[in-house]
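For the record, the sequence lines run as chains U and Y.
Here UniProt numbering is used: position 95 in the first sequence is 95, and no number is missing along the way.
Here UniProt numbering is used: position 231 in the second sequence is 231, and no number is missing along the way.
In what follows, a structure is listed as structure tokens, so that the remarks can point back to it.
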Amino acid sequence: MPIYTQLAFLRTTQSSLALVFCSQILVWSMGWTLFILLVVLTVVHGNPTMTVRTGSGPTVGFDQHPNSVPLGEDIQTTTEGESEVVEEVMTTGVLNPSHYPARRAATVVQHYLNTRYGSPYRWIFFSTVHSGSSEDVAEMGRKYQLELTVQEMISNVSGQCSAELFFPEGEGQSAPQVQASCEGLHQSNTTAQEEAFYQQHRASNNLVSGNNIPDSYGHVEPSMKPFWQLGGVASSFIMLRESNESTLYNMAQVANFTQLETEKDQLRFNYHVLLHEMISQEIIHWKLLVTWSPEQGVQVLQTELQPKCHHCEAPPNTTN
Amino acid sequence: MCVSMYSAVWSREETTERNYYTRYHNMSEITAWMEQMKRENPDVVSSMVYGQTYERRNITLLKIGLSSTGRKKAIWMDCGIHAREWIAPAFCQYFVREILRTYKTDTKVNEMMKNLDFYITPVLNVDGYIYSWHNESTRLWRKSRSPGTGGCTCYGTDLNRNFYANWGMVGVSTDCCFETYCGTKALSESEAWAVTDMLGKMREDILAFLTIHSYGQLILVPYGHPNISAPNYDELMEVGLGAAKAIKAVHGMDYTVGTSPDVLYANSGSSRDFARLIGIPLSFTFELRDKGEHGFELPEDQIQPTCEEAYAGAQHIITYTHDKAFYSYAATVRATLSTIICLYKKVK
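Rendered as structure tokens:
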């Protein structure tokens, strides 16, 4: 327990004990000086205990938090573009389910499940990590094992999953490898909806397009929802590929999508999506070529990273 | 002019008050609303301009409390330090409305309004918030709107990396084109300076500091640096976990509690860390709904449930803070008085 907390605790106990003890003495003796001491003591200890610091440099380093898994010795610096993220890396051991390593790994499992099972009517998010562990694999990377609950967002069905992940380390980072098996997710029967959607859009005489989904107010037109969900699932292919232990991806918005001519019985779309990477807080633009059919599922044929538009940032009313 | 501005605002919107708090509002609407809160509750609400943004707009807070002759303890809440987190200003508005709606009838809220003043800034990053309303392509703006320097042509500094609290050490970018750019130096941003100045003046009196963000459903306690613990970490965790429990009781939502390096990521220069460093004992960051499905673009039909649960969480913290400050002192005074009475009887 950090030392300041220990002292505060002792002071509180001491003051209560002092009150009882001193009041007994006073009743049986006529020591007025003791009485004055009591008043001074109680008034002083009646106020919230606070440590006021002047200046704001780092405080003296205390021991690690009582709830945490012991932190590793190594400090890993990763450079992402121009930004530096310095994080302590957890060593082998049991993971705290509410701490970031388990949460980031669970998000990767979420992306994986969407690439395998997602559709315009099935979009999966992780709810809770129940338990997990991680293990260094010498000079190769780190392996994770997780037990988690996931939720399918349209039907609200929950599933329990066991997953294993491997994050490879080293130059030319490749995508994490994931295996997962889930119980309960198949309860959401989407066949009828998917078939109806597929039949509705496979004829090329009325190609659909849309933009800003959700809009600024978080609104999604009902007719746009399956396209939003499809965008989320398609984005999962990119998010899975780009993930590592220092990232946490979500799709922020479908900037726009355009339906192309159906080919080989696959619905085809160009998507422009905005991904939010939580650790850097960056919004990353990607363009994707996506196909889908109830039989083949979602496939992403092409992806293209879009550069950040720096000149787009200038104040709206500038003339230069 | 005041009346016509008031009617112009209302004619654009639903007129029922209940609907007002279930929608997002732009900066001029929020400014008009602040005036309305003062007008409708002149005994308990006043406002204070405590700084200027880069683009020279006022940074305004509402001070809410039953007036008293002496100096009062305070609770600080700020919203909208990051422009795109629209649910945060919506929550500040909801919070103000709730305490004003209930202080006359709810004995606990009434007591807290007697003993405390609430200092609430509905939008701290005014420039950024206005920019995020400009059009669909600016919606996801985060930072301030100050221009880059030294040949860097992008805009904005991350206000929540700009405070004098382990500034620049971890979880920041030194490139002005990135979202966690910490500025040329600590307090380079006038918005961060305004908060620092106010907190500095009031630090003896502030009992709790709440800064409201989205998204992620988290309650974060100091510090953002992985190697530094707050002296009252155990207390912060206990109160934070109590708040999360109160939140869950409302609509079943899970909020994770912990330090930022434990549950999210390491970072420095945050307002929460600065508040704790200058001695404000209870300092929390709230990350409101959701967990990534909508992210920053939370649908308006989730504003009310989000605000209801966040209000329960905030009230847990505020009640704890209030009772710790006022009940332990009162209990001490009671014990002292009863001892005096006993002693007097014995002496007689």
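The C-beta atom is built at its ideal place from N, Cα and C for all residues, glycine as well.
Small disclaimer: the values here were computed from a predicted structure and weren't measured.
Contacting residues, own chain, Cβ-Cβ under 8 Å from Tyr21 of chain Y (five flanking each side not counted) = Ala90, Gln93, Tyr94, Arg97, Ile303, Gln304 and Cys307
inquiry  = What would DSSP say about Tyr181 of chain Y, mapped onto helix, strand or coil?
reply    = strand
query = When DSSP labels each residue in this structure, what does Ala163 of chain U get in the three-state scheme?
reply = strand
message = Going by C-alpha to C-alpha distance, which of Y:His213, Y:Arg203 and Y:Ser190 sits closest to Arg142 of chain Y?
response = Y:His213
query = Going along the chain, which unbroken runs of the alpha helix (DSSP H) with 4 or more residues stay wholly within the region 17-58 of chain Y?
reply = 17-20 and 27-40
message = Based on DSSP bridge pairs, tell me the residues matched to residue 335 of chain U.
response = Residue coverage of chain U in this structure runs from 1 to 320, which leaves residue 335 of chain U outside it and unanswerable.
key: Separation of Glu147 of chain U from Pro168 of chain U, as counted between CA atoms   = 21 Å
Proximity to Val239 of chain Y [Cα-Cα], best of Y:Glu40, Y:Gly70 and Y:Thr285 = Y:Thr285
query = According to DSSP, is Ala266 of chain Y helix, strand or coil?
reply = coil
task = Under 6 Å Cβ to Cβ from Tyr181 of chain Y, same chain only, skipping five residues before and after it: list those, please.
result = Thr157, Asp158 and Ser173
key: Spatial neighbours of Gly148 of chain Y in its chain, beta-carbon cut-off 6 Å, leaving aside the 5 residues before and after   = Cys154 and Cys176
query = Under 9 Å, do Arg103 of chain U and Ser246 of chain U count as touching if we go by C-beta distance?
reply = no
ask   = Should Asp290 of chain Y be labelled buried (16 or more other beta-carbon atoms within 10 Å of its own) or exposed?
value = buried
key: Of the residues Y:Thr196, Y:Gly216 and Y:Lys346, the one placed nearest Phe163 of chain Y, counting alpha carbons only   = Y:Thr196
task = Report the three-state DSSP secondary structure of residue 321 of chain U (helix, strand or coil).
result = Outside the displayed range of chain U (1 to 320) lies residue 321 of chain U, so it cannot be described from this structure.
ask   = Over what stretch of residues does the alpha helix (DSSP H) that includes Trp193 of chain Y continue unbroken?
value = Ser190 to Met202
ask   = Among U:Glu261, U:Val273, U:Tyr271 and U:Arg122, which residue has its Cα nearest to the Cα of Thr190 of chain U?
value = U:Arg122
Gly292 of chain Y: contacting residues in chain U (beta-carbon distance under 7 Å) = Phe125 and Asn250
query = Can you find a C-beta in chain Y that's less than 9 Å from the C-beta of Ala234 of chain U?
reply = no
query = Would a check of beta-carbon distances place His251 of chain Y closer than 9 Å to chain U?
reply = no
query = Applying the criterion that 16 or more other CB atoms from any shown protein chain within 10 Å of the CB defines a buried residue, is Leu61 of chain Y buried or exposed?
reply = buried
query = In the region 247-278 of chain Y, which residues sit with their C-beta less than 8 Å from some C-beta in chain U, listed in chain order?
reply = Asp254, Thr256, Val257, Gly258, Thr259, Pro261, Asp262, Val263, Leu264, Tyr265, Ala266, Phe274, Leu277 and Ile278
ask   = When DSSP labels each residue in this structure, what does Leu248 of chain U get in the three-state scheme?
value = coil
request  = Classify Ala74 of chain Y as helix, strand or coil using the three-state DSSP reduction.
outcome  = strand
ask   = Is Tyr54 of chain Y closer than 9 Å to Ser270 of chain Y when the C-beta atoms are compared?
value = no
message = Using a 10 Å radius around the Cβ and a threshold of 16 neighbouring Cβ atoms, would you call Pro316 of chain U buried or exposed?
response = exposed
key: As assigned by DSSP and simplified to three states, the class of Leu288 of chain Y   = strand
Collapsed DSSP secondary structure at Thr256 of chain Y in the structure displayed = strand
task = Using a Cβ-Cβ cut-off of 9 Å, state whether Gly218 of chain U counts as contacting chain Y.
result = yes
query = Where Lys73 of chain Y and Asn135 of chain Y are concerned, what is the direct C-alpha to C-alpha distance, given to the nearest angstrom?
reply = 41 Å
ask   = In chain U, what lies closer than 9 Å to Tyr24 of chain Y by C-beta?
value = Ser216, Tyr217 and Gly218
ask   = Cα separation between Gly295 of chain Y and Thr336 of chain Y?
value = 54 Å
message = What residue range does the beta strand (DSSP E) around Ala208 of chain Y cover?
response = Ile206 to Ser214
request  = Please look up how many angstroms separate the CB atoms of His251 of chain Y and Asn115 of chain Y, rounded, as I've assumed it's under 8 Å.
outcome  = With 8 Å as the limit, His251 of chain Y and Asn115 of chain Y do not qualify as a contact, their Cβ atoms being about 30 Å apart.
ask   = So what's Gly132 of chain U in DSSP terms, helix, strand or just coil?
value = strand
ask   = On the three-state DSSP scale, how would you describe Tyr144 of chain U?
value = strand
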